[in-house]
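Trainee:
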Amino acid sequence: MTSINSSTDVLVRAPSVATRAFALLWGLVCHSPMAIAALPAGVQLDANVERGRMLIGKVENGARVSVNRRDVRVDTQGRFVFGIGRDDSRLAICVRLSTETSARCGGVDVPGRDYRIERVDGLPPSTVSPDPAEQARIAAEAALVAKARERNDARSDFAHAFVMPAKGRISGVYGSQRILNGAPRAPHMGLDIAAPTGTPIVAPAPGVVTLVHEDMLLPGKTVILDHGHGISSVFIHMSRIDVKLGDRVESGGAIGAIGSTGRSSGPHLHWGLNWFDIKLDPAKVVESLL
Ligand SMILES: [Zn+2]
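The number in this note's numbering is simply the position in the sequence shown, starting from 1, with 196 added.
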C-alpha cells in the first residue's frame, strides 16, 4: 500500500554499483546519493513496484520516458506502461519533460518475492527429450510468438480494467518452479485456469489479435491479443479459436474455448501476459477479482 516514493527503506539506501553505472550511462551528474535512490520527480505509478507486475505510469503531457533503458510510448494522456520481470531486482526510469533539455533518471530496488518452489527427488532419470525435428519446430514456433510480442502499437488498451478471461479453478500460478532430482525446470510464467473443455475464453482487456496458430507443438492452439505499448496476452492449449488475425476484440469478447491441445496435462487455459519479451504475472492485473 505504500507509495514507492514514500518508502524510507528505499530513500536511505546508498546507490548500488549498477545505479552508478546507470547514472553515468545517462550522463546524469549526481551530487547526492539520495537523488537516484528514488524515481525521478514527476513520475507517478499506479501500484507498488513488485516483481511480475504490470505498472502504468503517468507523466506530464509531452514528456519522454525510458524504463530500464527502453524508450517507452507516452500516450496523449501522459500514460506509459511497463512490466517488471520475475527476477528483476532494479527499476530505473528516466524522464525528460518538454521544458527540460536533459533527462532526469532515478531508480528503486524491487523487493524479492516468494515463489512456489516444489522439490521432487528420487525420480527415475527422464529419457524423454524432443528429437531434432521437434526442437526445430519448437524454435520456429517460439520465433513467431517472439515476433508478435515485439509490436508497439499506440493503442492504450492496457489501461482498461482487466477481467478474468475464463471461469474456473486457479491450478497454476506465476513464477512457480519444480526442481526435479535437483535440476530446476523452467519457471511457470502464467496463470492456469482449469475448467472443462469448451469453457469460453474471453478477452481480459481490449486488443487486436496479432497471432493465431492452430497447432503449435507445445502450446497447441494459440492466440496472442495485443493491448498496445508492448503489452500482450497469450492464450494456449485452446480447444477452439473464435478469432482471426487482425480482429479487434473488446473486453469480454469471444477468443475461443478452453482445451488441452499441445503438451498439456488436462483441460485448462494458460494465460500469459507480456511487456514485450518480459513475462508478467496476469494475477496482478486481476488481483481484486481472485
Ligand atoms: Zn500454465
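For each residue, glycine too, the CB sits at the ideal point set by N, CA and C. Since this is a predicted model, take the numbers as computed values, not measurements.
If we require 3 or more residues per run, which beta strand (DSSP E) segments fall completely within the segment 283-361?
Mentor: Taking only runs of at least 3 residues, the beta strand (DSSP E) segments lying wholly in the segment 283-361 are 286-292, 300-305, 313-316.
Trainee: As a quick exercise: from Val270, Arg266, Tyr370, pick the residue whose alpha carbon is nearest that of Tyr311.
Mentor: Within the sequence shown, the letter at position 115 stands for residue 311. Taking only the C-alpha atoms, the option nearest Tyr311 is Tyr370.
Trainee: Could you tell me the distance, in whole angstroms, from the CA atom of Leu485 to the CA atom of Met360?
Mentor: On the sequence shown, residue 485 is found 289 positions in, with the first residue counted as 1. On the sequence shown, residue 360 is found 164 positions in, with the first residue counted as 1. When rounded, the distance between both Cα atoms is 7 Å.
Trainee: In angstroms, rounded to a whole number, what distance separates the CA positions of Ala450 and Val430?
Mentor: As a position in the sequence shown, residue 450 is number 254, starting the count at 1. As a position in the sequence shown, residue 430 is number 234, starting the count at 1. Their backbone Cα atoms lie some 14 Å apart in a straight line.
Trainee: Can you pull the DSSP bridge partners for Asn470?
Mentor: The count along the sequence shown starts at 1 and reaches residue 470 at position 274. DSSP output for Asn470 lists Ser428, Lys475 as bridge partner(s).
Trainee: Any heavy atom of ligand 1 closer than 6 Å to the beta-carbon of His409?
Mentor: As a first step, residue 409 is located in the sequence shown; it is residue number 213 there, counting from the start. No, ligand 1 has no heavy atom inside 6 Å of this Cβ.
Trainee: Within 8 Å, do at least three Cβ pairs link the segment 390-408 to the segment 419-435?
Mentor: Yes: the two stretches touch, three or more of their Cβ pairs being nearer than 8 Å.
Trainee: Work out the CA separation of Pro328 and Asp422 for me, nearest whole Å.
Mentor: As a working mapping, residue 422 is identified with position 226 in the sequence shown. As a working mapping, residue 328 is identified with position 132 in the sequence shown. Each residue's alpha carbon lies about 32 Å from the other.
Trainee: Using 6 Å as the cut-off, classify the Cβ of Gly364 as near or not near the heavy atoms of ligand 1, replying yes or no.
Mentor: As a first step, residue 364 is located in the sequence shown; it is residue number 168 there, counting from the start. Not so, every heavy atom of ligand 1 lies at least 6 Å from the Cβ.
Trainee: According to DSSP, Arg444 sits in a beta bridge with which residue or residues?
Mentor: Counting from 1 along the sequence shown, the entry for residue 444 is found at position 248. Partner(s): Val404.
Trainee: Can we count Asp388 as close to ligand 1, meaning its CB is less than 6 Å from some heavy atom?
Mentor: As a working mapping, residue 388 is identified with position 192 in the sequence shown. Answer for Asp388: yes, Cβ within range of ligand 1.
Trainee: Kindly identify the DSSP beta-bridge partner or partners of Met385.
Mentor: Against the sequence shown, residue 385 aligns to sequence position 189. DSSP lists no partner for Met385.
Trainee: Just to confirm, does His466 get its C-beta within under 6 Å of one of the non-hydrogen atoms of ligand 1?
Mentor: By one-based count along the sequence shown, residue 466 stands at place 270. Result yes, Cβ under 6 Å from ligand 1.
Trainee: Tell me whether the beta-carbon of Ile289 lies closer than 7 Å to the beta-carbon of Leu340.
Mentor: The residue given as residue 289 occupies position 93 in the sequence shown. The residue given as residue 340 occupies position 144 in the sequence shown. No, the Cβ-Cβ distance between Ile289 and Leu340 is not below 7 Å.
Trainee: Using the rule of at least 16 other Cβ atoms within 10 Å of the residue's Cβ for burial, across every protein chain shown, is Val304 buried or exposed?
Mentor: Counted from its first residue, the sequence shown places residue 304 at position 108. By the neighbour-count rule (16 or more Cβ atoms within 10 Å), Val304 is buried.
Trainee: Quick check on Asp480: does DSSP put it in helix, strand or coil?
Mentor: Along the sequence shown, one-based indexing puts residue 480 at 284. The sequence as given places Lys at residue 480; Asp does not occur at that position. Residue state, collapsed to three classes: helix.
Trainee: Determine contact between the segment 268-278 and the segment 340-352, defined as no fewer than three beta-carbon pairs at a distance below 8 Å.
Mentor: Cβ pair count under 8 Å is three or more, so yes.
Trainee: Is the beta carbon of Asn470 less than 7 Å from the beta carbon of Arg333?
Mentor: Stepping through the sequence shown from its first residue, residue 470 is reached at position 274. Stepping through the sequence shown from its first residue, residue 333 is reached at position 137. For Asn470 and Arg333, no; Cβs fall outside 7 Å.
Trainee: From the DSSP output, in three-state form, read off Leu414 for me.
Mentor: In the sequence shown, residue 414 corresponds to position 218, counting from 1. Coil, per DSSP.
Trainee: Expressed to the nearest angstrom, what Euclidean distance is found between the alpha-carbon atoms of Leu441 and Thr395?
Mentor: For this step, residue 441 is matched to residue 245 along the sequence shown. For this step, residue 395 is matched to residue 199 along the sequence shown. Going from the Cα of Leu441 to the Cα of Thr395 covers about 22 Å.
Trainee: Mind checking whether Ser285 and Val263 have CB atoms under 7 Å apart?
Mentor: Here the question's residue 285 lines up with position 89 in the sequence shown. Here the question's residue 263 lines up with position 67 in the sequence shown. No. Outside cutoff.
Trainee: Would you list the one or two residues that DSSP bridges to Ala453?
Mentor: Position 257 of the sequence shown, counted from the start, is the residue given in the question as residue 453. BP columns for Ala453 point to Pro396, Arg436.
Trainee: Look at the alpha carbon of Arg444 and the alpha carbon of Arg249, and state the distance between them as a whole number of angstroms.
Mentor: Here residue 444 is taken as the residue at index 248 of the sequence shown, counted from 1. Here residue 249 is taken as the residue at index 53 of the sequence shown, counted from 1. When rounded, the distance between both Cα atoms is 25 Å.
Trainee: Between Glu296 and Ile366, what straight-line distance do the alpha-carbon atoms span, to the nearest angstrom?
Mentor: Residue 296 sits at position 100 when you count from the first residue of the sequence shown. Residue 366 sits at position 170 when you count from the first residue of the sequence shown. Approximately 47 Å between the Cα atoms of the pair.
Trainee: Based on the DSSP output, what are the partners of Gly253 in its beta bridges?
Mentor: For the purposes of this step, residue 253 is taken as residue 57 along the sequence shown, with counting starting at 1. DSSP, once it has assigned bridges, lists Leu241, Phe276 as partnering Gly253.
Trainee: Ligand 1 and Gly368: does the residue's C-beta get closer than 6 Å to at least one heavy atom of that ligand?
Mentor: For this step, residue 368 is matched to residue 172 along the sequence shown. Yes, the beta carbon of Gly368 sits closer than 6 Å to at least one heavy atom of ligand 1.
Trainee: Taking 7 Å as the threshold (C-beta atoms), are Gly468 and Gly386 in contact?
Mentor: By one-based count along the sequence shown, residue 386 stands at place 190. By one-based count along the sequence shown, residue 468 stands at place 272. For Gly386 and Gly468, yes; Cβs fall inside 7 Å.
Trainee: Would the beta-carbon of Arg374 fall within 7 Å of that of Leu414?
Mentor: To locate residue 374, count along the sequence shown from 1; it is residue 178. To locate residue 414, count along the sequence shown from 1; it is residue 218. Cβ distance not < 7 Å, so Arg374 and Leu414 don't count as in contact.
Trainee: Rounding to the nearest angstrom, what Cα-Cα distance links Phe354 and Val277 in this structure?
Mentor: Indexing the sequence shown from 1 puts residue 354 at position 158. Indexing the sequence shown from 1 puts residue 277 at position 81. Spanning the two alpha carbons is a distance of roughly 8 Å.
Trainee: Does the Cβ-Cβ distance between Leu251 and Ala259 come in under 7 Å?
Mentor: Against the sequence shown, residue 251 aligns to sequence position 55. Against the sequence shown, residue 259 aligns to sequence position 63. No, the pair does not count as a contact, with Cβ atoms beyond the cut-off.
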